[in-house]
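Note sheet for the following structure.
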Amino acid sequence: MIKIALVGCGRISSKHLEAIDRIHELRLVAACDNISNRADSVASAVGCIPYVDVEHMLRETDAEIVSICTPSGLHPKHIVMAASRGKHVISEKPLGCSVEASEDAIRACRDAGVHLFVVKQNRLNPSIMLLRKAYEAGRFGRLYMILANVLWTRPQSYYDAAKWRGTRELDGGCLCNQASHYVDLVQWFGGEVAGIKAFSATLSRNIEAEDSISVVINFASGAIGNINATTLVYPKNLEGSITIIGEKGTVRVGGIALNKIEHWQFDSGHDMDDEVKSANTDPPTVYGLGHEPYYRRVLKALLGIENKVTDGAEALKTVKIVELAYASAVRKFTENCGDGVQE
Ligand SMILES: NC(=O)c1ccc[n+]([C@@H]2O[C@H](COP(=O)([O-])OP(=O)(O)OC[C@H]3O[C@@H](n4cnc5c(N)ncnc54)[C@H](O)[C@@H]3O)[C@@H](O)[C@H]2O)c1
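Quick note: to get my numbering, add 3 to the position in the sequence shown (first position is 1).
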């Protein structure tokens with residue numbers, strides 16, 4: 004039995020609780036939230052100890068793993084705190100809102116000799132796993148374009164419900180938050196990044212960070228990546244998709260959150276083509292169904308069976324891309340247009 008303590012009992016914590024509940028080898032022993040009734044309600048539902056202070060919980064708990072579901076900008080601080088108490092860490096995505104803080108968190112875990120896992124549950128969607136299988140089998144040939152669209156709706160009330168949302172320090176905008184999994188996937192397929200340009204805007208929501216962004220990535224391989232994200236789609240979530248265009252194949256995985264294979268075509272057939280239909284799922288929310296498989300992989304890694312979990316170093320790649328995109332987006336886009344376009 005492996006004991007877990009949870010920090011942050013807000014919206015996403017329910018996916019963690021569900022996963023822990025379904026895996027018999029795991030048990031929640033402590034739940035912490037600085038809003039005490041949130042910690043209390045998890046504790047009374049699960050039968051664990053509630054805390055309002057992270058340090059207090061870490062001092063007392065005998066949990067081996069700490070799962071962190073606090074606002075994104077707090078992840079690095081909470082990771083460092085847990086690591087310094089010798090706990091393995093599962094952090095929600097993103098690893099952090101800055102490269103510097105994220106690197107501090109990775110270093111703290113390395114120095115303490117503990118694992119740092121970062122939740123990238125969309126990699127475990129059956130549709131994405133099949134896409135990856137085709138990629139690893141070389142079915143695309145040379146990759147030309149990797150395109151992601153995150154066309155979702157988050158009304159003003161969503162941002163107003165928690166102070167941290169939409170702030171640069173604790174959340175970032177739709178790229179760092181809603182599109183974080185898509186940045187991860189685009190780079191997972193695209194590989195080493197050679198350059199990034201972005202244009203962002205806060206067109207409607209009353210927030211500090213962007214509600215809409217377009218990012219172009221120049222991969223070292225020569226392939227072009229593109230991520231478009233917005234939280235302004237009227238009137239509801241429209242699409243969460245990735246499209247890969249290669250020399251010998253084209254695949255598009257879409258649905259509301261990368262749950263349906265919408266296009267699957269290669270120059271020659273393969274046994275895996277029979278799996279396309281069964282790889283489609285129907286998750287109730289954009290969070291998908293991947294938290295439980297993610298925890299199962301964490302368990303296998305901790306038991307030394309196999310380590311196929313996204314870790315801190317892998318998650319840092321997304322933080323770097325987001326930071327470079329934001330740095331590019333603050334420069335005026337018209338710099339590149341020249342007089343001809345302006346006239
Ligand atoms: N994997 C995914 O698909 C996915 C989906 C949604 C959210 N997330 C991530 O999960 C994180 C949380 O998002 P959410 O939507 O659940 O937010 P939320 O605001 O609903 O929950 C965050 C919780 O953390 C608590 N908290 C804040 N500071 C704390 C502190 N110092 N100590 C203890 N508790 C503290 C808050 O009171 C709140 O209950 C974010 O980083 C977000 O990006 C991931």
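Glycine included, every Cβ here is placed at the ideal spot set by N, Cα and C.
Candidates the options: which alpha carbon is nearest residue i's?
{"i": "Glu250", "options": "Ile230, Gly257, Ala226, Tyr237", "result": "Ala226"}
{"i": "Gln268", "options": "Ala137, Ser75, Asp56", "result": "Ala137"}
{"i": "Val121", "options": "Asn283, His27, Leu150, Gly293", "result": "Gly293"}
{"i": "Ser47", "options": "Cys35, Leu98, Gly116", "result": "Cys35"}
{"i": "Tyr297", "options": "Gln124, Leu119, Ile68, Ala212", "result": "Gln124"}
{"i": "Glu326", "options": "Gly13, Leu127, Glu103", "result": "Glu103"}
{"i": "Ile264", "options": "Val312, Leu133, Leu305, Asn229", "result": "Leu133"}
{"i": "Ser130", "options": "Leu188, Pro97, Lys96", "result": "Leu188"}
{"i": "Val196", "options": "Ser183, Leu178, Thr170, Ser224", "result": "Ser224"}
{"i": "His118", "options": "Asp24, Ser70, Gly258", "result": "Ser70"}
{"i": "Ala282", "options": "Leu302, Gly257, Asp107, Arg110", "result": "Gly257"}
{"i": "Gly144", "options": "Glu106, Phe192, Arg113, Asn128", "result": "Phe192"}
{"i": "Ser17", "options": "Val92, Val49, Asn37, Ala204", "result": "Val49"}
{"i": "Arg62", "options": "Ile38, Ser39, Lys90, Ala42", "result": "Lys90"}
{"i": "Ile23", "options": "Lys323, Met4, Arg41", "result": "Met4"}
{"i": "Ala204", "options": "Asp285, Gly169, Met84, Val322", "result": "Gly169"}
{"i": "Cys177", "options": "Val254, Ala328, Ile38, Cys12", "result": "Ala328"}
{"i": "Gly11", "options": "Pro286, Ser105, Asn40", "result": "Asn40"}
{"i": "Asn262", "options": "Asp43, Thr284, Glu242, Ser271", "result": "Thr284"}
{"i": "Ala318", "options": "Asp163, Cys179, Ala164, Met84", "result": "Cys179"}
{"i": "Gly76", "options": "Ile38, Phe222, Asp277, Ser105", "result": "Ser105"}
{"i": "Met84", "options": "Ile26, Met60, Ser101", "result": "Met60"}
{"i": "Asn221", "options": "Gly198, Ser87, Ala140", "result": "Gly198"}
{"i": "Leu271", "options": "Ala140, Thr233, Asp163", "result": "Note on identity: in this sequence residue 271 is Ser, with Leu being the wrong assignment. Ranking Ala140, Thr233, Asp163 by Cα distance to Ser271 puts Ala140 first."}
{"i": "Val254", "options": "Ala232, Met148, Gly116, Ala165", "result": "Met148"}
{"i": "Gly13", "options": "Ser244, Arg88, Ala165", "result": "Ala165"}
{"i": "Cys100", "options": "Asp277, Arg334, Lys323", "result": "Lys323"}
Counting only the same chain and skipping the five closest in sequence on each side, list residues whose C-beta sits under 7 Å from that of residue i.
{"i": "Leu206", "result": "Asp214, Ser215, Leu235"}
{"i": "Arg142", "result": "Lys251, Gly252, Phe269, His273"}
{"i": "Pro74", "result": "Trp167, Leu173, Asp174"}
{"i": "Gln159", "result": "Arg208, Asn209"}
{"i": "Gly315", "result": "Leu98, Ala108, Ile109, Cys112, Leu119, Val121"}
{"i": "Met275", "result": "Leu133, Lys136, Ala137"}
{"i": "Arg171", "result": "Glu211, Ala212"}
{"i": "Glu242", "result": "Asn152, Leu154, Gly257"}
{"i": "Gly194", "result": "Phe222, Ala223, Ser224"}
Please name the residue or residues paired with residue i in a DSSP beta bridge.
{"i": "Gly76", "result": "DSSP, once it has assigned bridges, lists no residue as partnering Gly76."}
{"i": "Gly252", "result": "Phe269"}
{"i": "Cys35", "result": "Val10, Tyr54"}
{"i": "Ser215", "result": "Ala204, Thr233"}
{"i": "Leu327", "result": "Answer by DSSP bridge pairing: none, since Leu327 is not bridged."}
{"i": "Ala151", "result": "Ile230, Ile245"}
{"i": "Gly193", "result": "Paired residues: none, contrary to the question."}
{"i": "Asn221", "result": "Gly198, Ile227"}
{"i": "Lys263", "result": "Gly257"}
{"i": "Asp314", "result": "Phe120"}
{"i": "His91", "result": "Ile68"}
{"i": "Ile5", "result": "Leu29"}
{"i": "Leu146", "result": "Gly249"}
{"i": "Thr156", "result": "Leu235"}
Excluding five sequence neighbours on each side, which residues of the same chain lie with their C-beta closer than 8 Å to the C-beta of residue i?
{"i": "Val32", "result": "Lys6, Ile7, Ala8, Cys51, Ile52, Thr64, Asp65, Ala66"}
{"i": "Ile15", "result": "Cys72, Glu95, Tyr290"}
{"i": "Val279", "result": "Leu133, Ile264, Trp267"}
{"i": "Leu127", "result": "Gly293, Pro296, Tyr297, Arg300"}
{"i": "Thr321", "result": "Lys96, Pro97, Leu98, Ser183, Val186, Asp187, Gln190"}
{"i": "Glu28", "result": "Met4, Ile5, Leu302"}
{"i": "Tyr162", "result": "Arg168, Gly169, Arg208, Asn209, Ile210"}
{"i": "Ile26", "result": "Glu295, Tyr298, Arg299, Leu302"}
{"i": "Pro286", "result": "Ile259, Ala260, Asn262, Leu292"}
Report all residues from its chain with a CB closer than 6 Å to the CB of residue i; omit the five preceding and five following residues, and keep chain order.
{"i": "Thr156", "result": "Val236, Lys239, Asn240"}
{"i": "Gln345", "result": "Residue placement at Gln345 cannot be trusted, given a pLDDT of 46 that sits under 50; what the coordinates show is reported in the next sentence. Contacts found: none."}
{"i": "Lys200", "result": "Val219, Ser331"}
{"i": "Thr347", "result": "Residue 347 lies beyond the range of the chain shown here (4 to 346); nothing can be said about it."}
{"i": "Lys311", "result": "Arg300"}
{"i": "Leu150", "result": "Asn229, Thr246"}
{"i": "Glu309", "result": "Lys303"}
{"i": "Asn37", "result": "Val55"}
{"i": "Asn231", "result": "Asn152, Ser217"}
Since I believe residue j is in contact with residue i (beta carbons under 8 Å), could you give me their beta-carbon distance rounded to a whole number of angstroms?
{"i": "Val153", "j": "Gln190", "result": "No, Val153 and Gln190 are not in contact; Cβ-Cβ is about 15 Å, not under 8 Å."}
{"i": "Ile259", "j": "Val289", "result": "6 Å"}
{"i": "Ile352", "j": "Ser94", "result": "Given that the chain is displayed from residue 4 to residue 346, the structure contains no residue 352 and the question cannot be resolved."}
{"i": "Leu20", "j": "Val45", "result": "7 Å"}
{"i": "Pro79", "j": "Asp107", "result": "6 Å"}
{"i": "Ser217", "j": "Phe202", "result": "5 Å"}
Kindly say whether residue i, judged by its beta-carbon, lies nearer than 7 Å to any beta-carbon of chain C.
{"i": "Ala165", "result": "No chain C is present in this structure, which holds just one protein chain."}
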